[in-house]
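Below: the structure, in structure tokens.
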Amino acid sequence: MAKGRIHVYVGPTCPADEIGERFPEVVPHPPVAHGDFFGPEPAAGDVAVVVDDFAPHRPGARHKEYLHALDRGVTVIGAAGVGALRALELGPFGVRGVGTVHELYRSGVLDGDDAVAVAHEEEAPYARLSVPLVNLRAAAQAACAEGLLRAAEIERVVETLRREYYPSRTQDRVVHLLRRAGRPQLADWYARRVADDPHIFDQQRRDCLAAIEAARRTVAEGVVGRVTGAGDAAWRTVALRAWRNHFVAREGSPPLGQRIAYQQLFNPYYARVWNRYLEDSLPGGPAVTRLPLPAARERERRLADADCPVPDLSDPHEVALLLSAEEPADIEAVAAQLRRDPAPGFDVGPRSRRAAQDPARELSEDAGRVLLCHIWQIPAGELAGECRSRGIPDVETAVRMLRPFVAGAGGAASESLRAETA
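The numbering used here applies: residue 2 is where the sequence shown begins, and numbers increase by one.
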């Protein structure tokens, strides 16, 4: 069995270069973001060490994404920053917490993300622009140990610094706040100690490095992650599948999602493909081809009229079913179209950006309906049913799927389609 790998999602807490020097086997990643656990890595047997996220610049990984990683066999360790908070929230389900910051959350000393919030640069190396409150708490405790503060004063000092909005809480501002609070000796001591050693009170950095050491031990022991404590709870929701599909659909060249959309829109017989997919994915149902013809037709109608299930695009079997009628020429047609007008959200090029910036260049809802009726050779009254028979939940979704294939059509195309089908 191959040895697991350690993936570290870190930004301002500890520079990736430093981690690489200390732990050359580690796979560094930017701060964790929505979708990071849906790709091929980390894989079963790996360890994901979550330290930072991109807040407020980008959405972080949702809680169910952590469960998804565990369910794939990935051990998830949270520490130091938002990872410590997620480990507290998801500890009962299998996410492990490491370090002092996590323990402060677990014991109730910390109870919100303001303790680890920090302003930082948006691009690598994501340098810190302010001081996190949890590190200032460590400084206050060190001052107490050296006799500059009484134990009863620690919380008052921390509260003084907490009231400053976190992006403004720079080292110089901290010194100023301490002086303004009538603690000049403490301010001088803090400034001097930080000047001598910038990391002296950096509890987050220490926890980050400790979490990587814990990950090393986990890999050496061959531990495989799993979801615990969920019981029969249905945490694998449609929303989770939709999130996963959103990111998996972007993979490949041309992207998988566009290949499937092309089949749904332009294959004249795709209703048969979708029906086969439903027959295969619905438990306990006999195949249509094994039923008497009237019963088979009735089942086709029932399946088409039902709410469209959301396929799992991470399942190779389901993808094979959805693309079972695809021809090489179809793949080339998608690739050629995306070269002309890359689909927004996949490989955005200048022409697509112009269409997005100019609403007149985007296919309108009315024009999209007309074009779909024209492509499928059906009257407008049958449009909703035809959508469902192709695995498209509604007409609005179908128009949205169609737009990348007619990007830049705009109002002229709308008028042309109306005239052609009048």
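Idealized CB from N, CA, C, for every residue including glycine.
What does DSSP give as the partner residue(s) for residue i in the beta ladder?
{"i": "Gly98", "result": "Gly79"}
{"i": "Val33", "result": "Asp54"}
{"i": "His8", "result": "Val28 and Ala49"}
{"i": "Arg129", "result": "His121"}
Which first and last residues belong to the alpha helix (DSSP H) in which residue i is found?
{"i": "His177", "result": "Gln172 to Arg181"}
{"i": "Tyr263", "result": "Leu257 to Phe267"}
{"i": "Phe248", "result": "Val239 to Val249"}
{"i": "Gly21", "result": "Ala17 to Arg23"}
{"i": "Cys145", "result": "Leu134 to Ala146"}
{"i": "Arg401", "result": "Val396 to Leu403"}
By how many angstroms is the C-alpha of residue j removed from the C-alpha of residue i?
{"i": "Arg164", "j": "His121", "result": "19 Å"}
{"i": "Leu257", "j": "Thr161", "result": "53 Å"}
{"i": "Leu134", "j": "Ser169", "result": "12 Å"}
{"i": "Gly148", "j": "Trp190", "result": "11 Å"}
{"i": "Leu89", "j": "Ala116", "result": "14 Å"}
{"i": "His69", "j": "Ala44", "result": "11 Å"}
{"i": "Val311", "j": "Gln338", "result": "26 Å"}
{"i": "Asp37", "j": "Trp377", "result": "38 Å"}
{"i": "Arg23", "j": "Pro317", "result": "38 Å"}
{"i": "Ala141", "j": "Leu150", "result": "8 Å"}
{"i": "Pro255", "j": "Ala262", "result": "12 Å"}
{"i": "Pro16", "j": "Gly232", "result": "39 Å"}
{"i": "Thr76", "j": "Asp54", "result": "18 Å"}
{"i": "His30", "j": "Val83", "result": "15 Å"}
{"i": "Val335", "j": "Tyr278", "result": "22 Å"}
{"i": "Tyr167", "j": "Val225", "result": "38 Å"}
{"i": "Ser315", "j": "Ala143", "result": "50 Å"}
{"i": "Thr398", "j": "Ser325", "result": "22 Å"}
{"i": "Phe39", "j": "Glu66", "result": "8 Å"}
{"i": "Arg401", "j": "Leu178", "result": "53 Å"}
{"i": "Tyr10", "j": "Ala56", "result": "13 Å"}
{"i": "Ala80", "j": "Phe94", "result": "16 Å"}
Buried or exposed: where does residue i fall if 16 or more other Cβ atoms within 10 Å of its Cβ makes it buried?
{"i": "Gln265", "result": "buried"}
{"i": "Thr229", "result": "exposed"}
{"i": "Glu222", "result": "exposed"}
{"i": "Val239", "result": "exposed"}
{"i": "Arg1", "result": "No information on residue 1 is available, as it lies outside the stretch 2 to 423 that the chain covers here."}
Does chain D have any CB closer than 8 Å to the CB of residue i?
{"i": "Leu324", "result": "The structure shown has no chain D; it contains just one protein chain."}
Say whether the region 178-186 touches the region 142-161, bearing in mind that this needs 3 or more beta-carbon pairs closer than 8 Å, one atom from each stretch.
yes
State whether the region 321-337 contacts the region 261-280, with contact taken as three or more CB pairs (one from each stretch) at a distance under 8 Å.
yes
Between the region 191-201 and the region 122-131, do three or more beta carbon pairs fall short of 8 Å?
no
State whether the region 241-252 contacts the region 360-379, with contact taken as three or more CB pairs (one from each stretch) at a distance under 8 Å.
no
For the structure I just gave you, are there three or more beta carbon pairs, one from the region 201-213 and one from the region 96-107, closer than 8 Å?
yes
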